[in-house]
């Protein structure tokens, strides 16, 4: 069995634009690649022209998993001074390639209890993970891949995404007393969020948030009658505490609509592997049918989602070794 070159596979996938919602071509290319290696492959449909790619060569007791989609904007791969650049280089097509290379090493040793679960939609809504979790699986372990600098994740934050909506009264801007600005009302709420007592946790720290989207108004000379803001909270515990603080701070001045909820998680680690806590969220809480989760991957989250996303080639190659070692250890635990 010829080994998989993780750099070549990563570049093959990076060079296909798979911005969330448009993962179809990348999924098909990945499925064809895995079939060519002898895997049984399921292309599980997800909303739109995209699919999860789920593969196995036997009955999986352990699966590697990460996501196919990327954030915008797309830019292709390039190798420069031992660094692989491109959208998805570390989040998460480089990771995916390292996982496939590790799985092929294990298969070359005669291990057939390895599966692959590569999902669409992780960056916005996790539709792929929700679909994959509807599959009945006998897998006992899930090794999820996100940028962890090749350290095991000890804990990750959750997400609570909400949309705030304010309403006002439209009027000619020459006569502001005849209207009421929904944008100004929204701004008042958003300013007050800064001073709110958000929950904290001894391990994960204090809840923080990002105001990611704002919309409102129809023209510069019209008092705006409606405004919205979408806010993403990075949570550290149960979400009811965040809801209470949010509700008290908004105090009826805006409608609150919940968009997405993913809980914070504490994760297993293993001796012999470095570990760390991460402030981001993964699909792990939505893949509960695939076994006890662990988190590991090459690359830094600090360059993910940037215009210079990259991963060091040495780190990507080292991840193949780490994935193989971790999978070997976990499968040995099942044998005892």
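Numbering (this note's numbering), first residue to last: 40 to 375.
C-beta: ideal position from N, C-alpha, C; glycine also.
Given the structure is predicted, the values throughout are model-derived calculations rather than measurements.
Where the beta strand (DSSP E) through residue 83 begins and ends: 79 to 85
Straight-line Cα distance separating residue 149 from residue 45: 20 Å
Runs of alpha helix (DSSP H) wholly within the segment 257 to 303 (minimum 4 residues, chain order): 278 to 289
Residue nearest to residue 197 in terms of C-alpha spacing, selected from 369, 243 and 96: Looking at the Cα atoms, 243 is the closest of the given residues.
Residue 364 in three-state terms, based on DSSP: Assigned with DSSP and collapsed to three states, residue 364 falls in helix.
Exposed unless 16 or more other CB atoms sit within 10 angstroms - verdict on residue 112: It is exposed - the Cβ of residue 112 has fewer than 16 other Cβ atoms within 10 Å.
Inter-residue CB distance, residue 338 and residue 354 (contact presumed, cutoff 8 Å): 7 Å
Assumed close pair residue 66, residue 82 - CB separation to whole angstroms, cut-off 8 Å: 7 Å
Secondary structure of residue 204, DSSP reduced to three states: strand
Distance, residue 375 Cα to residue 58 Cα: 43 Å
Where residue 93 falls: helix, strand or coil (DSSP): strand
Neighbourhood of residue 102 by C-beta distance below 6 Å, restricted to the same chain and skipping five residues each side: 154, 156, 178, 181 and 329
Selection from 334, 344, 43 and 366 that minimises the alpha carbon distance to residue 189: 334
Where residue 168 sits in the DSSP three-state scheme: helix
Cβ-based neighbour list, residue 250, same chain, cut-off 7 Å, excluding 5 preceding and 5 following: 229, 268 and 270
Counted within 10 angstroms of its Cβ, other Cβ atoms place residue 176 as buried (16 or more) or exposed: buried
Residue 79, buried or exposed, once every other Cβ within 10 Å from all chains shown has been counted against 16: exposed
Per DSSP, cross-strand counterpart(s) of residue 182: 103 and 333
Counted within 10 angstroms of its Cβ, other Cβ atoms place residue 216 as buried (16 or more) or exposed: exposed
Candidates 281, 51 and 174, of which the one nearest residue 236 by Cα: Comparing Cα-Cα distances from residue 236 to each of 281, 51 and 174, the minimum goes to 281.
Three or more C-beta pairs below 8 Å linking the segment 280 to 298 and the segment 307 to 319: no
Own chain residues within Cβ distance below 8 Å of residue 357, not counting five before or after: 189 and 337
Exposure of residue 137, with buried meaning 16 or more beta-carbon neighbours within 10 Å: buried
CA-to-CA distance, residue 283 to residue 124, given in whole angstroms: 42 Å
According to DSSP, residues forming a beta bridge with residue 27: In the structure as shown, the chain starts at 40 and stops at 375, and residue 27 therefore has no counterpart that could be examined.
Residue 252 burial status per 10 Å Cβ neighbour count (16 or more: buried): exposed
Per DSSP, the bridge partner or partners of residue 55: Looking at the DSSP assignment, residue 55 forms no beta bridge with any residue, so it has no partner.
Cβ pair residue 199, residue 278 closer than 7 Å: yes
Beta-carbon proximity of residue 234 to residue 205, cut-off 7 Å: Residue 234 is not a Cβ neighbour of residue 205, given a cutoff of 7 Å.
Cβ distance (whole Å) where residue 141 is taken to contact residue 359 below 8 Å: 5 Å
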